[in-house]
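Visitor:
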Amino acid sequence: MFQAQYHTTRPLTTAHLAQTMTLLSLTTEELREQIESEISTNPALELVEERRCPTCHRLIPEHGVCPVCSIPANPASEEPVVFLSPRDEFIPKKDYVDEVVDDEPYATEGEELPTYVLRQIAPDLAKEQRGIAAFLLTHLDEDGFLTTSVFEVAKYLHVMPGEVEKIKHLIQRADPVGVGSSNPQEALLVQLEVLGETGPVPQLAERIVREGMDELSRHQYPELAHRFGEPTRLIVEAAHFISENLNPFPGRSHWGDMRQPAQESVQVYHQPDVIISYLNDDPHRPLVVEIIMPLNGTLQVNPMFKQAVHQADAEKKLDLKADLEKASLFVKCLQQRNHTMERLLSRVVGLQRDYILFGEKYLRPVTRAQISRELEVHESTISRAVANKAVQMPNRRIVPLSSFFDRSLNVRTVLKEIIEGESKPYSDADLVDLLAEHGFEVARRTVAKYRSIEGILPAHLRKAVAQHP
DNA sequence: CTATGGCACGGATT
DNA sequence: AATCCGTGCCATAG
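As structure tokens, then:
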């Protein structure tokens, strides 16, 4: 097994190298297109049928054991388990989306969000339901809220309000969770509901959101504690959970954005190309890393075709042989791509374990060059592999893979926290000192840059905290 | 005099 | 080779 992998690791020709590079830089969806076009033009390629693991029902490669079930219960090593996860159903076919989105013209700004959401839910919808979904999604504002009501939509489309409500709920549960809600409160409730299915949620969180939005936004925890007859400690705990894990404006990426309405940076959403999760969503089990393959099977050179080449006339033989060459090259490149991705992810997840588990504050500054040396590949290889890829974290957030290499994200997060909790506005110079206490050495000028990136106003303009959901 | 934003340079990234 | 990012220097606003 090792020998086989070693063999495919070495680029044999420049063509091999070039194609591997190209494949590396593709996202899962682009890879699907590439593979499909390759299969349809080259008869020597063959997609071997899917096979499912008898115990966990995951799709697994033709040759090999189920990567999940073969994980020991209590692995001694810290290394994460990385494997390819061939699943076809994960990414909805493109036509699904184009078909519906086209007949509803949508304002140019924020076009990413509706399409992104529709992609996720399209497979679960019947044809006429997709029309309703598309209509709803075209009536979102930049915060991800519905600008119309369920009742109006039902009237306009001549369908039952219940039907519209059902689809709205489906949209709300898609990523970003809470999108398509009518207001921040509704968004938060949906997020609580979804989070509650996978992990622990403070009991009081829901009640606070339902009954105490005003106090929550003003940080008046003692009032809440009194009204609910609960200890303040629990209220604060729940409030902290809410501000850490929920987002009242699903269309935006973070809480901090609400201060600066003129934020031009619109988040672009992606399908994840890699999923990191606890095995069976159980925090006591090890982390598993799935690299999504857009196929429900394994690609290989068709052995029948090989035979056919031998028996063909001399005339045709040349053509067929060319196909054969191309096919085997493609398969090799694909293997190489996957192998590189596996090694990359294994290393990166190992290094950034704290970031993945505990958040941006714990991101370690890792450079692409460093990884490339450790993996003994060219740094441009890593660059390509990292670019344009999205990773789903155990908490269901989707972040770009490049964020694992962001040298300043941890500093910016701590900076935000300091400013969130400030009693009087700190100047940039003050912030330099405060950051130094947290172990971050940055220049004064850089603090200013980070502020503007995060959309935080300069000290003299941010007096009191005026949060207004 | 202090706090902040603009411009430009050098190193890293693509 | 082109582009992005952190930082130093300097001008400007308060």
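Last residue of the first sequence: number 453 in my numbering, and the count goes up by one each step with no gaps. Note that CB positions come from ideal geometry on N, CA and C, so glycine has one too.
When you compare the CB positions of valine 293 and lysine 310, do they come within less than 9 Å of one another, or not?
Guide: No, these two residues do not count as a Cβ contact at 9 Å.
Visitor: If contact is defined by three or more beta carbon pairs under 8 Å, each pair taking one atom from either stretch, is the segment 379 to 399 in contact with the segment 426 to 437?
Guide: yes
Visitor: Sorted by chain position, which residues of the same chain lie with C-beta nearer than 6 Å to glutamate 83's C-beta, five sequence neighbours on each side aside?
Guide: With a pLDDT of only 35 at glutamate 83, under the threshold of 50, the placement of this residue in the model should not be trusted; the figure read from the coordinates follows. Result list for glutamate 83: empty, nothing under 6 Å.
Visitor: Report the three-state DSSP secondary structure of proline 278 (helix, strand or coil).
Guide: coil
Visitor: What three-state label does DSSP hand phenylalanine 67 in the structure shown?
Guide: strand
Visitor: I need the straight-line Cα distance from methionine 277 to alanine 427, nearest angstrom please.
Guide: 43 Å
Visitor: Please identify the residue among Ser165, Tyr346, Ala223 and Arg396 whose C-alpha is closest to the C-alpha of methionine 197.
Guide: Ala223
Visitor: Per DSSP, glutamate 30 forms a beta bridge with which residues?
Guide: Gln284
Visitor: Can the beta-carbon of aspartate 159 be found less than 9 Å from the beta-carbon of tyrosine 100?
Guide: yes
Visitor: Going straight from the alpha carbon of glutamate 126 to that of lysine 290, what length do you get?
Guide: 55 Å
Visitor: Residue range of the beta strand (DSSP E) that serine 312 falls in?
Guide: Here serine 312 belongs to no beta strand (DSSP E); instead the alpha helix (DSSP H) covers 298 to 335.
Visitor: Suppose the cutoff is 7 Å on Cβ atoms and the five residues either side in sequence are ignored; what does the same chain contact list for alanine 413 look like?
Guide: Arg428
Visitor: Compute the beta-carbon to beta-carbon distance between arginine 321 and isoleucine 355, rounded to the nearest angstrom, for a pair I have assumed lies under 8 Å.
Guide: That belief does not hold up - the Cβ atoms of arginine 321 and isoleucine 355 are roughly 16 Å apart, past 8 Å.
Visitor: DSSP puts leucine 102 in a beta bridge; with which residues?
Guide: Note: leucine 102 sits in no beta bridge, so no partner.
Visitor: Need the endpoints of the alpha helix (DSSP H) that isoleucine 440 sits in, please.
Guide: Note, isoleucine 440: premise wrong, no alpha helix (DSSP H); not H, not E.
Visitor: Have a look at Pro234, Ala28, Cys53 and Glu344 and flag the residue whose alpha-carbon is nearest the alpha-carbon of lysine 301.
Guide: Put simply, of Pro234, Ala28, Cys53 and Glu344 the residue whose alpha carbon is nearest the alpha carbon of lysine 301 is Ala28.
Visitor: Using a threshold of 9 Å, state whether the C-beta atoms of valine 501 and proline 64 are closer than that.
Guide: Past the boundaries of the shown model lies residue 501; the chain is included only from -15 to 453, so the question cannot be answered.
Visitor: What are the residues that DSSP puts in a beta bridge with tyrosine 262?
Guide: Leu271
Visitor: Can you give the Cα-Cα distance for leucine 109 and isoleucine 192, rounded to whole angstroms?
Guide: 33 Å
Visitor: Look at lysine 345 and threonine 11 and say whether their C-beta atoms are less than 9 Å apart.
Guide: It is not a contact, given that the beta carbons lie outside the stated cut-off.
Visitor: Determine the burial state of asparagine 231: buried for a count of at least 16 other Cβ atoms within 10 Å of its Cβ, exposed for fewer.
Guide: buried
Visitor: Take alanine 353 and list the residues in its own chain whose beta-carbon comes closer than 6 Å to its own, dropping the five residues that flank it on each side.
Guide: Glu363
Visitor: In terms of residues, what are the limits of the alpha helix (DSSP H) holding valine 350?
Guide: Following the DSSP letters along the chain, one finds valine 350 in no alpha helix (DSSP H), marked with neither H nor E.
Visitor: In chain order, what residues of the same chain have a beta carbon less than 6 Å from the beta carbon of leucine 418, not counting five sequence neighbours either side?
Guide: Leaving aside the five residues that flank leucine 418 on each side, the residues in its chain whose CB is nearer than 6 Å to its CB run, in chain order, Ile402.
Visitor: State the Cα-Cα distance for the pair leucine 68 and proline 378, rounded to the nearest angstrom.
Guide: Using only the alpha carbons, I get a separation of about 17 Å.
Visitor: Closest by CA to leucine 385, which one among Gly162, Val333 and Gln18?
Guide: Cα-wise, what sits closest to leucine 385 is Val333.
Visitor: My output table needs one value for leucine 218: the three-state DSSP class, helix, strand or coil.
Guide: helix
Visitor: Mind checking which residues open and close the alpha helix (DSSP H) that includes proline 145?
Guide: 145 to 156
Visitor: Is it true that the CB of leucine 124 sits closer than 9 Å to the CB of glycine 235?
Guide: yes
Visitor: Please report the straight-line C-alpha distance between proline 145 and isoleucine 151, rounded to a whole angstrom.
Guide: 10 Å
Visitor: Between which two residues does the beta strand (DSSP E) carrying valine 361 extend?
Guide: Per DSSP, valine 361 lies in no beta strand (DSSP E) and is assigned neither H nor E.
Visitor: Kindly indicate which residue of Ile440, Glu170, Ala117 and Glu274 has the alpha-carbon position closest to the one of phenylalanine 129.
Guide: Glu170
Visitor: Give the range of the alpha helix (DSSP H) segment to which alanine 110 is assigned.
Guide: Unbroken run through alanine 110: none, as it is neither H nor E.
Visitor: Terminal residues of the continuous alpha helix (DSSP H) containing valine 134?
Guide: 134 to 141
Visitor: Taking just the CA atoms, how far does leucine 445 sit from serine 411?
Guide: 11 Å
Visitor: Please report the Cβ distance between valine 148 and valine 163, rounded to the nearest whole angstrom; I am assuming they are in contact, meaning their Cβ atoms lie under 8 Å.
Guide: Valine 148 to valine 163, Cβ: 16 Å. No contact.
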